[in-house]
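Encoded as C-alpha cells, the structure appears first; notes follow it.
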Amino acid sequence: MVGRTGRAAAAAVSGAAAAAVLLGGCTGDADAGGHSSDRIASSPAEEVRGAADVLARSGTSRTTTTMSMDSGGTKITVRGSGGFDYARRRGRLTVVLPADASGERVRKPLGELIVPGWLYMKNRGAGVPEGKWVRVDTATLPDGNLVTGGATDPVTAADLLRGAREVELVGATTVGGVRVRHFRGVSDIARAAGAVPEAAAKPLRAAARGFTGGRVPFDAYLDDRGRLRRIEQVFTFTGAAGAGAGRRAESRVVVRSVTELHDFGARVVVELPDAADVYHGKVVSPAVP
0 MVGRTGRAAA AAVSGAAAAA VLLGGCTGDA DAGGHSSDRI ASSPAEEVRG
50 AADVLARSGT SRTTTTMSMD SGGTKITVRG SGGFDYARRR GRLTVVLPAD
100 ASGERVRKPL GELIVPGWLY MKNRGAGVPE GKWVRVDTAT LPDGNLVTGG
150 ATDPVTAADL LRGAREVELV GATTVGGVRV RHFRGVSDIA RAAGAVPEAA
200 AKPLRAAARG FTGGRVPFDA YLDDRGRLRR IEQVFTFTGA AGAGAGRRAE
250 SRVVVRSVTE LHDFGARVVV ELPDAADVYH GKVVSPAVP
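For the sequence shown, the residue numbers in numbering that gives the first Met the number 0 are 0 to 288.
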C-alpha cells in the first residue's frame, strides 16, 4: 500500500513513530456445534479453504484477539474479546488499547459490533459525544477492516482462508487443551473476495488493493471437526515514516493478528444501537478514542 492508501491504513493501525495508530482456552465445547462429518476435505488446501463453511455450520463461539504492530522499531499490542454468531456473520468485541505514548493516560475499552458491511464503534474518536456509536462502511476502509478495529474478527479471518494457497500440514498440536492440526500457507485476498457474499467481498476487495502484494501469510489450527480454533495472520503495508516526513519517506508496517475461538455453542447476542445512539457528525480524530 503506497501513498495516500498506505498512510490511511497506517493511521488506522497504531501510533508508531506518530505515523500509524492502531484503532484502536477452553475444552468444554468439544461436543458443541458442528459434526464429525464436517471434516471431508481430501487435501490440506481444500480443508483450510472449507474452514469458513464449517464455522458457519458451527453456530457461535467466544473469541479472543491479539494484534501487534511493528513500525520504526516500536511495537504496540491491542487485545480483544467477545462472541460471534457465524451463521449470521455478526459479533461483538471489547478491544483494550495500550496506554498512550507517555504511559500516563489509560484509554477506555472500545466497544465494537461487526455486521456484514458495517463496523460500529463506541468510545472511538475525538468529537464523538459520550455514549454514542460511530458507524463505518467497511468497504470504505483501505484495509477493509482487517486491522482498523484493532482486531481481525473470526468471520473475516476465516473468509480469508477461502483464498488459501501453498498450504501445507505442519503437524499436530493443542490449542486451549484441544488437539488440532496446524496448517501453514498464504491467502490471496482477491481470490477470497470472489468466494464470499457481496457484503463481505467489498471490504476484501479494498484490502486486496491496500496490502502489499495482496497476500496474507497464515498459520491456521483446525480441530478434528474442521473448526477453526486459532489463526495467525500477517498483514504488511507501506506507511509514512513519521508525522513530519515527506511523501517519499515511508516505512514497512507489519501487523500480526492472532484470533482464537473457544466455547462453541455459547450464547451470543448482538444488538445494534438505536438510530438515535449513532453519531453522524464529524469525527475529529477517528484514530484516537
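Just so it is clear, CB atoms sit at the ideal spot from N, CA and C, and this is done for glycine as well.
Mapping the DSSP letters down to three states, classify residue i as helix, strand or coil.
i	result
Glu-231	strand
Glu-197	helix
Thr-172	strand
Thr-211	helix
Val-267	coil
Arg-204	helix
Gly-280	coil
Gly-184	strand
Arg-106	coil
Ala-125	strand
Ala-219	strand
Met-224	For the sequence presented, residue 224 should be read as Arg rather than Met. Here Arg-224 sits in coil by DSSP.
Arg-190	helix
Taking residue i and residue j to be in contact with their CB atoms under 8 Å, please state how far apart those CB atoms are, rounded to whole angstroms.
i	j	result
Thr-211	Thr-235	4 Å
Gly-184	Val-53	About 17 Å separates the two Cβ atoms, so there is no contact after all.
Leu-145	Ala-206	5 Å
Tyr-85	Thr-65	Incorrect: roughly 20 Å between the Cβ atoms, too far for contact.
Arg-226	Ser-57	5 Å
Ala-150	Ala-50	Not quite, the Cβ-Cβ distance comes to about 18 Å (not below 8 Å), so this is no contact.
Arg-251	Val-233	Wrong, their Cβ atoms sit about 12 Å apart, outside the cutoff.
Thr-137	Gly-130	23 Å between Cβ atoms; not a contact.
Who are the Cβ neighbours of residue i in its own chain at under 8 Å, not counting the five residues just before and after it?
i	result
Ala-171	Arg-178, Val-179, Arg-180, His-181
Thr-63	Arg-78, Gly-79, Ser-80, Thr-258, Glu-259, His-261
Thr-139	Ala-205
Tyr-220	Thr-172, Val-174, Val-179, Arg-180, His-181, Phe-182, Leu-227, Arg-228, Arg-229, Ile-230
If you drop the 5 nearest sequence neighbours on each side, which residues of the same chain put their C-beta closer than 7 Å to that of residue i?
i	result
Asp-87	According to the sequence displayed, residue 87 carries Arg and not Asp. None.
Arg-61	Gly-82, His-261, Asp-262, Ala-265
Pro-128	Tyr-278
Asp-69	Val-253
Ala-55	Tyr-85, Ala-86
Ala-191	Asp-158, Leu-159, Arg-161, Gly-162, Leu-203
Glu-111	Arg-91, Leu-92, Val-94, Leu-118, Tyr-119, Met-120, Gly-148
Gly-243	Here the model assigns Gly-243 a pLDDT of 44, short of 50, so the residue's position is not dependable, and the following value carries that caveat. Answer for Gly-243: no residue qualifies.
Ala-292	Outside the displayed span of the chain (0 to 288) sits residue 292, for which this structure offers no information.
Asp-187	Gly-162, Arg-164, Gly-213, Arg-214
Use the C-beta contact count for residue i: other C-beta atoms within 10 angstroms, 16 or more gives buried, fewer gives exposed.
i	result
Arg-266	exposed
Lys-107	exposed
Met-164	A small fix is needed here, since residue 164 is Arg in this sequence, not Met. Result: exposed.
Ala-125	exposed
Ser-45	The question names Ser, yet the displayed sequence has Glu at residue 45. Classification for Glu-45: exposed.
Pro-202	buried
Glu-197	exposed
Val-20	With a pLDDT of only 35 at Val-20, under the threshold of 50, the placement of this residue in the model should not be trusted, and no figure is reported.
Glu-270	exposed
Lys-281	exposed
Val-166	buried
Val-268	exposed
Asp-273	exposed
Among the residues of its own chain, which have a CB less than 6 Å from the CB of residue i, if the five just before and after it don't count?
i	result
Val-135	Leu-118
Val-277	Trp-132, Arg-134
Glu-231	Asp-218, Val-257
Val-169	His-181, Arg-183
Ala-189	Ala-207, Gly-213
Pro-153	Thr-62, Phe-83, Thr-258, Leu-260
Val-95	Arg-78, Pro-108
Ala-194	Arg-161
Val-114	Arg-89
Every unbroken beta strand (DSSP E) within the stretch 39-79, with a cutoff of 3 residues, ordered by chain: 59-70
In chain order, each alpha helix (DSSP H) run of at least 4 residues that lies wholly inside the stretch 134-167: 153-159
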